[in-house]
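What follows is one structure encoded as structure tokens, with my remarks underneath.
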Ligand SMILES: [Ca+2]
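In the working numbering, the protein residues as written are 1 to 523.
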């Protein structure tokens, strides 16, 4: 902990109070457009010029530039943070509205190996947020930053990406907002999906003083487990010497949906609880798929993909893709004859983090070697990037609120991993009721990693987290909407906090949320 003063010529000198200076320890769709939140301060005008922010002095921070963005007229600052003696450089991007600051700071997350980008600030700044994003220490979306020039693991770089970068961005962003407006943001929010969702959870776990509210979508928590598990569909097809065409994978998904659709009481092309579905792909054997025929070998591949990674003794390693989920993202193939096309984040995790060999040929991988590397991933990187610590007591105790949400047809990150984490949080944090006081999980049936699909997508999330933090009103339900190609809402459904589900009352349109009620599974 360190107290310091921010000053810049042209600005009143402001004591920032106590900020945690992070030198001690060392992907998506974001929320759809919502109405801008109400301003918290009557006169939110800047007290100094944007250009003068280049003179702001913060420990181990260089302000690289400060100027007006011609595109939206906001003040844009870029800064670099380093961690001596390491020569690392975490780039930080801050956007500050000149007019209509709503009194809040918002951190924005990244996707895949990308920590985030300056482009992501445009939406939040338009809504009146002072906003920040960071590259978390490396440019672009490759995992190659894990290795230094000598081909060895670069732990500073890995830590910057795993947890330091977002915290540094937050400290810099809040300090710049305070200097620019002459008052500190009253509330701070972090919003992200996929890697951004993981970053939000990492903040709650490691830097709980950074944010009052966190919106974490389809979070890439359990990174050390699910990212290597994302290679499993390719390992299965390689092992079976059966790279399956997309059409067959789609046929298996469609057959599972058709078989299990009605289990939730409504035949709508959506599995409200994919884990209730036990459809066996053997039922498809002999079926024509285009010019092709679904074989016993195909059925076995699909069964193993749904089952998820297992070691050679059959022991559970991680969750598989849920029935109803698109299998062709992780199970992509192409070419003639077809060959496997691994998901780049999973492949690069093996190449740069696990094998540490850019020349490594993934097609040499056996199921036994896969299991060995999966366990290496857990042991070597779990404490750095696992982001699965269920102890959120520091976040809770300072009043933090968390909304987690995850599509049940997520084709990249199995929702089961988030459900498992949330259950562990419940056990750690005083049971279901105690946890619901500050952290709620909403599962969204029938939508994928981008919250698209046959099911309705969630709405009103920013409003929900603001109301919880600022007015003390916890979200009892969210409304999900399905739109047609013209953008017209054709179906609404309620979403209730886990483990509650939306159950059809039995009368009225199944396209109207009003005809669904909150039930516990099996009720
Ligand atoms: Ca259904």
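Note that the Cβ used here is the ideal one computed from N, Cα and C, for glycine as well.
Among the candidates the options, whose CA atom is the shortest distance from the CA of residue i?
i, options, result
"residue 418", "428, 399, 402 and 443", "443"
"residue 401", "51, 43, 167 and 204", "204"
"residue 522", "508, 503, 507 and 399", "503"
"residue 489", "429, 301 and 479", "479"
"residue 423", "499, 456, 359 and 181", "499"
"residue 186", "253, 105 and 224", "105"
"residue 461", "355, 403 and 511", "403"
"residue 470", "221, 323 and 103", "103"
"residue 87", "148, 297 and 446", "148"
"residue 379", "329, 222 and 286", "222"
"residue 101", "41, 151 and 257", "41"
"residue 130", "412, 36 and 264", "36"
"residue 179", "467, 39, 45 and 337", "45"
"residue 246", "166, 264, 260 and 339", "339"
"residue 373", "395, 411 and 311", "311"
"residue 390", "415, 375, 431 and 360", "431"
"residue 433", "50, 474, 116 and 510", "474"
"residue 531", "410, 496 and 239", "Since the first residue of the chain shown is 1 and the last is 523, residue 531 is not available in this structure."
"residue 58", "153, 175, 99 and 96", "175"
"residue 132", "313, 113 and 188", "188"
"residue 359", "151, 116, 50 and 91", "151"
"residue 47", "377, 494 and 181", "181"
"residue 465", "456, 454 and 477", "477"
"residue 318", "326, 309, 324 and 325", "309"
"residue 97", "343, 107 and 124", "124"
"residue 217", "412, 492 and 510", "412"
"residue 313", "345, 341, 370 and 287", "370"
"residue 405", "357, 320, 384 and 458", "458"
"residue 326", "344, 467 and 248", "248"
"residue 382", "202, 252, 303 and 38", "202"
"residue 525", "335, 337, 330 and 273", "The question about residue 525 has no answer here: the residues shown for the chain are numbered 1 through 523."
"residue 146", "114, 286 and 332", "114"
"residue 117", "99, 128 and 77", "77"
"residue 284", "273, 303 and 274", "303"
"residue 224", "354, 315 and 328", "354"
"residue 452", "426, 494, 425 and 408", "408"
"residue 169", "92, 153 and 346", "92"
"residue 508", "472, 275, 496 and 492", "492"
"residue 261", "323, 394, 467 and 396", "323"
"residue 255", "242, 274 and 241", "274"
Pop quiz: residue i and residue j are said to be a contact at Cβ under 8 Å. What is the actual Cβ separation, rounded to whole angstroms?
i, j, result
"residue 144", "residue 352", "6 Å"
"residue 172", "residue 68", "Contact doesn't hold; Cβ gap of about 19 Å is too wide."
"residue 445", "residue 257", "Actually they are not in contact, since the Cβ atoms of residue 445 and residue 257 sit about 11 Å apart, beyond 8 Å."
"residue 349", "residue 236", "About 18 Å separates the two Cβ atoms, so there is no contact after all."
"residue 165", "residue 141", "Rounded, the Cβ-Cβ distance is 14 Å, inconsistent with contact."
"residue 448", "residue 410", "6 Å"
"residue 220", "residue 195", "5 Å"
"residue 200", "residue 109", "6 Å"
"residue 107", "residue 207", "Incorrect: roughly 11 Å between the Cβ atoms, too far for contact."
"residue 34", "residue 307", "About 39 Å; that fails the 8 Å criterion."
Discussion item. Under 8 Å, with one C-beta from each stretch per pair, do the segment 204–218 and the segment 271–281 reach the 3-pair mark?
Written reply: no
Practice prompt. May I have all residues whose beta carbon comes closer than 5 Å to any heavy atom of ligand 1, sorted in chain order?
Written response: 261, 264, 266, 268 and 270
Worksheet item: Is there contact between the segment 120–139 and the segment 156–170, where contact requires at least three CB pairs shorter than 8 Å?
Response: yes
Discussion item. Counting beta carbon pairs with one atom in the segment 229–238 and one in the segment 476–488, are three or more of them shorter than 8 Å?
Written reply: No, because fewer than three Cβ pairs between the segment 476–488 and the segment 229–238 fall closer than 8 Å, the two stretches do not touch.
Worksheet entry | Those runs of the alpha helix (DSSP H) which lie wholly inside the segment 241–325 and span at least 4 residues | 246–260 and 296–307
Worksheet item: Touching or not, the segment 160–172 and the segment 348–368, by the rule of three or more beta carbon pairs under 8 Å?
Response: no
Fill in: beta strand (DSSP E) runs contained entirely in the segment 20–94, provided each spans 3 or more residues
Fully enclosed beta strand (DSSP E) runs of 3 or longer: 61–68 and 75–81.
Worksheet item: Using 8 Å as the Cβ pair cut-off and three pairs as the minimum, do the segment 507–518 and the segment 433–442 touch?
Response: no
Worksheet entry | At least three beta-carbon pairs within less than 8 Å, the segment 62–70 to the segment 78–96 | yes
Worksheet entry | alpha helix (DSSP H) runs wholly inside the segment 459–499, at least 4 long, in chain order | 461–471
Worksheet entry | Whole beta strand (DSSP E) elements within the segment 386–458, 3-residue minimum | 401–407 and 439–444
Worksheet item: At what residue ranges does the segment 121–161 contain a whole run of the alpha helix (DSSP H), taking only runs of 4 or more?
Response: Those alpha helix (DSSP H) runs which fall completely within the segment 121–161 and span 4+ residues are 122–126 and 155–159.
Item to complete: Report yes or no: do the segment 286–305 and the segment 265–272 share at least 3 C-beta pairs separated by less than 8 Å?
Response: no
Discussion item. Going residue by residue through the segment 188–251, where are the continuous beta strand (DSSP E) segments of at least 3 residues, counting only ones entirely within it?
Written reply: 213–217
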